[in-house]
Amino acid sequence: MDSSRKRRTSPTIADVAELAGVSRAIASRALSSESRPVSADKRARVLEAAEKLGFKPNLLARSLTTKTVNLIAVIVNHIHDFSDLDLFDLLIGEIQSIGKQVIFLRVGSVERVEEFLRNGVAYHVDAVLVFSDFADAAKVRKMFRNDDVLMLNGMHDGSSPSVVPDEAIGIAEAVADAASKGVATAALVTGRVSSPVEQSRIAAYKAEMRRHCIKLVAELRGDYSYASGRQVAQSDEWPSVDAVFCTSDAMAMGVMDVHRDAFPQNQPGRFKLYGFDNLSLTDFEAYPISSIGYDKKAYIGEILRFLTRPEEFTNAEAYVTVPTFFVPRTTS
């Protein structure tokens, strides 16, 4: 009975240390994802022993001593836009490079956040990254019982810092490009206007159009998705204009596919087309859409700085911006 019970018991850090001929403290340091002092010889012996025994670190037990679980929560509205895929693939890789893992929490509405709070749903995490515009900083801090919250949705308060692209720079360059090519009338295809980021984006487009004397003929509502771009492009409200500005590349792709005849050899015929996000797909011949982008590595670098050196986000640097830029392609 005793031997059977022993065979069913998972190996412990003490078993690894005994087999490697080191102390438990040395074994723990050798297996840590963080950079901790231990000789190369002892580390190799510990890793070999752990592999031989099939030892898996107990993250919960480790969290009791280190006060961390190496988990980062990422709160999103959804993950179906092309821009989500471009960004989150890079983000996950960079977070894993610092020895942490990501858990995604999909929040489709304000009510969903309230439901999490009512039901007491909380995760023990080291920090929270908030992309969803349905979640404000105070609710997120309460939900996770954690003050290490970074707002990436344009919403922030005095207790949680924020990192956002400075979209006005790229928008100014894109509208100036259109004006320099004789554009006098334009349509704007927008995303969800309840988003603070989208409100700011729309305001920037309108301000630049006024500055360059471009008449905004129509403002059509989408939801950032390819399908919504197709839908507005097929609607009876579709205007005759010199240029169409879309607040996401995915919507611009939908517009382009509906009006392919307006882009012979991908050159603008009836109207010029501008997107937003500078998706990787726009570098290929299927969708060579002029777009507005930002340095995603720099953006993610600021996120990693928050995760590794949160003390640097003082009150004076609580609102961090990453510049955007215009990328001309054949559709303009």
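Under UniProt numbering, the first residue of the sequence shown is numbered 1, with each subsequent residue one higher. Just so it is clear, CB atoms sit at the ideal spot from N, CA and C, and this is done for glycine as well.
Item: When the Cα atoms are used, what is the spatial distance from Ala286 to Thr314?; Value: 45 Å
Item: Less than 8 Å between the CB atoms is what I'm expecting for Ser200 and Asp81, so what's the real figure, rounded?; Value: Not a contact, Cβ separation roughly 18 Å.
Item: Smallest Cα separation from Gly158: which of Ala318, Phe325, Pro328, Phe326?; Value: Ala318
Item: Helix or strand or just coil, what does DSSP make of Lys272?; Value: strand
Item: Could you give the residue range of the beta strand (DSSP E) that holds Met155?; Value: Per DSSP, Met155 belongs to no beta strand (DSSP E) and is neither H nor E.
Item: Spatial neighbours of Phe326 within its chain, please: CB distance less than 7 Å, with the 5 preceding and 5 following residues excluded, ordered by chain position.; Value: Gly170, Glu173, Ala174, Asp177, Ile292
Item: Could you tell me if Glu111 is buried or exposed, where buried requires 16 or more neighbouring beta carbons within 10 angstroms of its beta carbon?; Value: exposed
Item: Distance check for Lys56 and Pro328, CA to CA, integer angstroms please.; Value: 50 Å
Item: Is the separation between the beta-carbon of Gly222 and that of Val189 shorter than 7 Å?; Value: yes
Item: DSSP three-state call for Thr66: helix, strand or coil?; Value: Note on Thr66: pLDDT 49, under 50, position unreliable in the model; the coordinate value appears next. It is helical.
Item: What three-state label does DSSP hand residue 335 in the structure shown?; Value: In the structure displayed, the chain extends from 1 to 332; residue 335 sits before or after that span and is not available.
Item: Just grab the DSSP bridge partners of Lys215 for me.; Value: Thr185
Item: Please work out which residues of its chain come closer than 6 Å, Cβ to Cβ, to Ala50, disregarding the five sequence neighbours upstream and downstream, and give them in chain order.; Value: Val16
Item: Is Thr314 helix, strand or coil by DSSP?; Value: coil
Item: Are there three or more Cβ pairs, one per stretch, closer than 8 Å when the segment 82-95 is compared with the segment 141-155?; Value: no
Item: Per DSSP, which residues does Thr324 bridge with? Please list them.; Value: Tyr294
Item: What are the complete beta strand (DSSP E) segments, minimum 3 residues, inside the segment 243-267?; Value: 243-246
Item: If you drop the 5 nearest sequence neighbours on each side, which residues of the same chain put their C-beta closer than 7 Å to that of His78?; Value: Arg106, Gly108
Item: Would you mind working out which of Glu48, Gly269, Glu311, Lys297 sits nearest Gly21, comparing C-alpha positions?; Value: Glu48
Item: Among Leu279, Ala233, Asp236, Ser228, which has the Cα closest to the Cα of Leu85?; Value: Leu279
Item: Is Arg45 buried or exposed, if buried means 16 or more other CB atoms sit within 10 Å of its CB?; Value: buried
Item: Beta-carbon within less than 6 Å of Val320's beta-carbon, same chain only, minus the 5 sequence neighbours each way: which residues are those?; Value: Val163, Glu302
Item: Measuring CA to CA, which of Leu152, Asn153, Glu167, Glu115 is closest to Lys142?; Value: Glu115
Item: With a 10 Å radius around its C-beta and 16 neighbouring C-beta atoms as the bar for buried, classify Glu208 as buried or exposed.; Value: buried
Item: How far does the beta strand (DSSP E) with Asn104 in it extend, from its first residue to its last?; Value: Just to set this straight, residue 104 is Phe in the shown sequence, not Asn. Counting along the chain, the beta strand (DSSP E) containing Phe104 begins and ends at 101-106.
Item: So Glu237 and Ala218 are supposed to be a Cβ contact under 8 Å. How far apart are they, rounded?; Value: 6 Å
Item: Since Asp223 is in the alpha helix (DSSP H), which residue starts that stretch and which ends it?; Value: First-last for Asp223: undefined, no H or E at that position.
Item: Looking at C-alpha atoms only, which residue of Ala252, Leu19, Ile98, Phe88 is the closest neighbour of Tyr299?; Value: Phe88
Item: Can you find the residues in the same chain that come closer than 8 Å, C-beta to C-beta, to Pro37, ignoring five residues on each side of it along the sequence?; Value: Arg29
Item: On the DSSP bridge assignment, give the partners of Ile75 in chain order.; Value: Leu105, Val130
Item: For Asp277 and Leu216, what's the separation of their Cα atoms in angstroms?; Value: 21 Å
Item: State the Cα-Cα distance for the pair Ser97 and Leu71, rounded to the nearest angstrom.; Value: 13 Å
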